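Participant: In the UniProt record's numbering, the protein residues as written are 1 to 351.
In this text, a Cβ means the ideal position worked out from N, Cα and C, and glycines have one as well.
Keep in mind that this is a model prediction, so the values were computed, not measured.
(1) State the DSSP-derived secondary structure class of residue 89, mapped to helix, strand or coil.
(2) Return the CA-CA distance between residue 131 and residue 101, expressed in angstroms with no decimal places.
(3) CB residue 354 to CB residue 145, shorter than 8 Å?
(4) Helix, strand or coil, according to DSSP, for residue 183 in the structure here?
(5) Could you check which residue in 333, 62, 259 has the C-alpha nearest to that of residue 317?
(6) Excluding the five sequence neighbours on either side, which residues of its own chain have a C-beta within less than 8 Å of the C-beta of residue 236, listed in chain order?
(7) By Cβ distance below 8 Å, which residues in the same chain neighbour residue 194 in space, the five residues on each side in sequence not counted?
(8) Pull up the distance between the alpha-carbon of residue 218 and that of residue 270, whole angstroms please.
(9) Here's a check: name, in chain order, each residue in its chain whose Cβ is nearer than 6 Å to the Cβ of residue 262, leaving out the five neighbours to either side.
(10) What first and last residue would you give for the beta strand (DSSP E) that runs through residue 245?
(11) For residue 273, which residues from the same chain have a beta carbon less than 6 Å from its beta carbon, with the 5 sequence-adjacent residues on both sides left out?
(12) Whose C-beta lies closer than 7 Å to the C-beta of residue 120 among residues of the same chain, with five residues either side of it excluded?
(13) With DSSP run on the structure shown, which of helix, strand or coil describes residue 74?
(14) Say whether chain C places a C-beta atom closer than 8 Å to the C-beta of residue 179.
(15) Could you name the residues of the same chain whose beta carbon sits closer than 7 Å to that of residue 173, not counting the 5 residues immediately before and after it, in chain order?
(16) Applying the criterion that 16 or more other CB atoms from any shown protein chain within 10 Å of the CB defines a buried residue, is residue 221 buried or exposed?
(17) What number of angstroms, rounded off, separates the C-alpha of residue 96 from the C-alpha of residue 161?
(18) Confirm, please, whether the CB-CB distance from residue 282 to residue 265 is below 8 Å.
(19) Excluding the 5 residues flanking residue 138 on each side, which residues of the same chain have their C-beta closer than 8 Å to its C-beta?
(20) I'd like to know whether the C-beta atoms of residue 328 and residue 279 end up nearer to each other than 8 Å.
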């Protein structure tokens, strides 16, 4: 009989220990926030969710991307306004959270949210950009909008991390006062579906939609100028006073300099006419201080000889182009158009 009682006692103790283990496991996988029970995501194994401090120290570092609480409360959406104002001061925040809206992953807003949205009086938004993955865990300030002041309430800073899979987790903290509540930006669901050819737009900064980006206008750039008289000797920069064409207004007649308005492929031409026997005349095309092409003439008999040179190149926006006479004598009159300089944009590069 004594042996039988001892066996019953052992069985009872084992059942109590088993019940304690089940209760402990249940408490580890759920966290009460307000009146909503939030459960860790089921796609991660129990070894990633329930781990003793000794195991965490002895294996890999704690990663909140794999151990977070799902925060799916529709009243937190930036387009939601309800009569019963919520306050996150009443919440016992524990660990890291990932924001959802009806099963769709989203993030905190990075812009000022109108008052009385997100189910509260002063909505809390992230006063700074979300981090990149390489930045790891960062600390960001949180602001609450009230009475036309986007940061009327400077709440307790929170920690943020970007995870593989393009989502964020937040280590939320208790706000400074009521009624403040963290916002979930409903527009990140919409804007996250925009294609590369689309941009996310809004009229009221509350409701957003994807809109096709306008095609960039191709810039038209053409110019043609001449010098209405003879030039002798060395001239550092020829100031072509007669401008016949200046589409795009990139050529400056006062300085004689062309400045590239956009990045792309350009073609230039420049010409001279020599009128002195036995004299060499050289005109050079200069780009950003470099002499890149020459128009050369030299006559051995009493006559005039003209020469036209062309040059094609890629230029960045703001590049400077002009013509210099290094030596010799160039001949021209008001109506001859023999000392000329011109160019065109052939292909505009993408920004």
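Facilitator: Considering the structure as presented:
(1) helix
(2) 21 Å
(3) Absent from the model: residue 354. The displayed extent of the chain is 1 to 351, so no value can be given.
(4) coil
(5) 259
(6) 324
(7) 200, 210
(8) 25 Å
(9) 219, 317, 348
(10) 242 to 247
(11) 304, 306, 331, 338
(12) 85, 86, 87, 179, 180, 181
(13) helix
(14) Although the question refers to chain C, the structure presented lacks it and comprises just one protein chain.
(15) 93, 156, 158
(16) buried
(17) 10 Å
(18) no
(19) 131, 159, 160, 161
(20) yes
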